[in-house]
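For the sequence shown, position 73 matches number 280 in my numbering, and the numbering has no gaps at all.
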Amino acid sequence: MTTIEQPRPYPDVSTVPSELSFQGTWDGEAVSGLIRSKCDHGETPAFLFLGIKEALLLKEHLADSFGEEAVTTLKGTYYMGLEVIMIDCESFIATGGRKAVRTLQDPISRRPAWRDRETEALWQFRI
Numbered sequence: 208m209t210t211i212e213q214p215r216p217y218p219d220v221s222t223v224p225s226e227l228s229f230q231g232t233w234d235g236e237a238v239s240g241l242i243r244s245k246c247d248h249g250e251t252p253a254f255l256f257l258g259i260k261e262a263l264l265l266k267e268h269l270a271d272s273f274g275e276e277a278v279t280t281l282k283g284t285y286y287m288g289l290e291v292i293m294i295d296c297e298s299f300i301a302t303g304g305r306k307a308v309r310t311l312q313d314p315i316s317r318r319p320a321w322r323d324r325e326t327e328a329l330w331q332f333r334i
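This is the structure in structure tokens:
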């Protein structure tokens with residue numbers, strides 16, 4: 208029987224280096240800088256991969272802001288627009304994936320062009 212190894216959705220922590228390291232507290236500015244450094248050509252990372260230590264630091268940071276009862280788990284949590292994914296290792300921070308940045312469209316630009324009624328009436332054929 209042939210088995211095909213599927214690529215794992217999570218980074219391999221033995222080959223992918225951690226992009227940041229925190230000492231004792233969560234550093235939102237450092238994460239923001241990391242995200243900005245990965246943004247290129249209208250794309251931005253989609254996931255924030257965290258090790259156990261960093262996940263606990265983020266949980267404490269969010270609990271300070273929103274209360275402990277609001278942060279029971281990080282599953283399904285988004286931080287700075289990135290989905291938080293916990294990795295089963297001691298310490299790790301990385302961003303990954305790609306999502307396209309949606310540009311805002313001006314609703315006025317989607318309206319039909321304005322026409323002068325008097326001039327337009329001259330060119331209409333009426334029966």
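Quick reminder that beta carbons are idealized off the backbone N, C-alpha and C, glycines included. Small disclaimer: the values here were computed from a predicted structure and weren't measured.
Query                                                                                                                                                : Result
To the nearest angstrom, how far is it from the Cα of A253 to the Cα of L241?                                                                        : 13 Å
Would you grab the beta carbon distance between L257 and F299 for me? Rounded to a whole angstrom, and I think it's under 8 Å.                       : 7 Å
Mind checking which residues open and close the alpha helix (DSSP H) that includes A262?                                                             : I259 to F273
Whole-angstrom Cβ separation of L255 and V278, contact assumed at under 8 Å?                                                                         : Actually they are not in contact, since the Cβ atoms of L255 and V278 sit about 15 Å apart, beyond 8 Å.
Taking 8 Å as the limit between beta carbons, can you name the residues of its chain near S239, skipping five residues before and five after?        : M287
What separation, rounded to the nearest whole angstrom, lies between the Cα atoms of T284 and D271?                                                  : 16 Å
Please state whether the Cβ-Cβ distance between K260 and T302 is less than 7 Å.                                                                      : no
On the CB-based measure, 16 or more other CB atoms within 10 Å of its CB, does K282 come out buried or exposed?                                      : exposed
Keeping to the same chain, check which residues put their C-beta closer than 8 Å to that of A262; ignore five residues upstream and five downstream. : L281, V291 and M293
Can you tell which of E275, H268 and L289 has the C-alpha that lies nearest to the C-alpha of G231?                                                  : H268
Out of P224, K306 and G235, which one is the CA nearest neighbour of K266?                                                                           : G235
Identify whether Q213 lies in helix, strand or coil by the three-state DSSP scheme.                                                                  : Legend: pLDDT at Q213 = 49, less than 50; position of this residue unreliable, no value from coordinates given.
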